[in-house]
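These notes concern the structure reproduced below.
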Amino acid sequence: MKGIRLESKEALDFIGFKLQGSALTTYNHYLIKEKDKAAFFSFMLVLREFLIPSTSKDLLWKEW
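Pasting the structure below:
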């Protein structure tokens, strides 16, 4: 991402090429939902909601 400003639209486009699996699905749903308001930082916050940390002791981690 060298040379790309994180607040630019290009940063969000760039990250879209790097994602795979469930992160890519979340990215595509985010773009559909947010349309013109989509931004790199807000996507990172959305993505963080769907990640389960490996140190988590809750039931969601045990399901995985």
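Numbering (my numbering) for the sequence shown: 19 to 82.
We put the beta carbon where it would ideally sit given N, CA and C, even for glycine.
Of the residues the options, the one placed nearest residue i, counting alpha carbons only
| i | options | result |
| --- | --- | --- |
| M62 | E28, K20, Y48 | Y48 |
| K55 | S40, A41, E25 | E25 |
| K27 | L65, L37, K53, R66 | K53 |
Three-state secondary structure assigned by DSSP to residue i
| i | result |
| --- | --- |
| R66 | helix |
Inter-residue spacing [alpha-carbon to alpha-carbon] between residue i and residue j
| i | j | result |
| --- | --- | --- |
| F104 | F35 | Absent from the structure is residue 104, since the part of the chain shown begins at 19 and ends at 82. |
| K51 | S40 | 16 Å |
| N46 | Q38 | 11 Å |
Any chain D beta carbon closer than 7 Å to residue i
| i | result |
| --- | --- |
| R66 | No chain D appears in this structure, which consists of one protein chain only. |
Secondary structure, alpha helix (DSSP H): runs of 4+ residues fully inside the region 28 to 61
40 to 52
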